[in-house]
């Protein structure tokens, strides 16, 4: 948190921590060893790299045009192109969260399917 | 260079990817139609709520002259659409790759 004109304000980094890192931590606790699945890891790596490469130029152009702006003292103050590093992290963490949640629900769906099949056999 | 409005800029960026995904993996996406749209909706709702917090906190703001002018609370509709489309791109990729057994 930063103090601006006597008021406590949320920084972009704290925002990421609360809304992205915490739920990802919760998903990691639920999935535990299943996160070591090779297909999940490869897919995650490729998709995160692709998302970053696809998002960065688009976000940069939008920032140059002024479609959106970030408050300087609520970011780390650095810009890579016209984008704060936190924005790149947001992109990566958003993708990671979407992949991991979908993966977790796939696993749940598959195990429910197996359970139902076993019940029907017995 | 004249700048675009947020909505066409977003649609031109996201829709071709979604179109290619449907061309390549429509069988899997259709077969799983009762599954992945709910994940997309859940993610879009969650990120829109988080976005509302970020806007209220002043972390980022929009050029109001580039928006269509429809808001849900502090969140412009373009931003909600952004989360819907980005979640769609990611979740659809996972569904297609998972079923095609390419990895």
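Residue numbers (the numbering used here), protein chains in the order written: chain A, 48 to 169; chain B, 22 to 124.
No residue lacks a Cβ here, since even glycine has one placed at the ideal position from N, Cα and C.
In the DSSP assignment, the residues bridged to residue 82/B are 116/A. Here DSSP, grouped into helix, strand and coil, assigns residue 92/B to strand. Membership of residue 126/A in any alpha helix (DSSP H) is not indicated, and neither H nor E is assigned to it by DSSP. DSSP places residue 58/A in no alpha helix (DSSP H); its state is neither H nor E. Sixteen is the threshold: when 16 or more other Cβ atoms of the shown chains lie within 10 Å of the Cβ of residue 46/B, as they do, the residue is buried. Chain A has a Cβ within less than 9 Å of the Cβ of residue 112/B. As DSSP reads the structure, residue 97/B sits in a beta bridge with 92/B. If you look at residue 158/A, you'll find it in the alpha helix (DSSP H) that goes 132-168.
Interface with chain B (9 Å Cβ-Cβ cutoff): residue 141/A is included.
Ranked by how close their Cα comes to the Cα of residue 113/B, the residues 88/B, 43/B, 27/B and 36/B have 43/B in first place.
74, 75, 78, 79, 80, 81, 82, 83, 84 and 87: these are the residues of the stretch 72-104 of chain B whose beta carbon lies less than 8 Å from some beta carbon of chain A, given in chain order. Straight through space, the alpha carbons of residue 85/A and residue 128/A are spaced by roughly 34 Å.
Chain-order list of chain A residues neighbouring residue 57/B: 149, by C-beta distance under 8 Å. Between residue 71/B and residue 168/A, the alpha-carbon positions lie close to 45 Å from each other. Along the stretch 63-88 of chain A, the positions whose C-beta sits under 7 Å from a C-beta of chain B are 66 and 86, read in chain order. The three-state secondary structure of residue 56/B, taken from DSSP, is coil.
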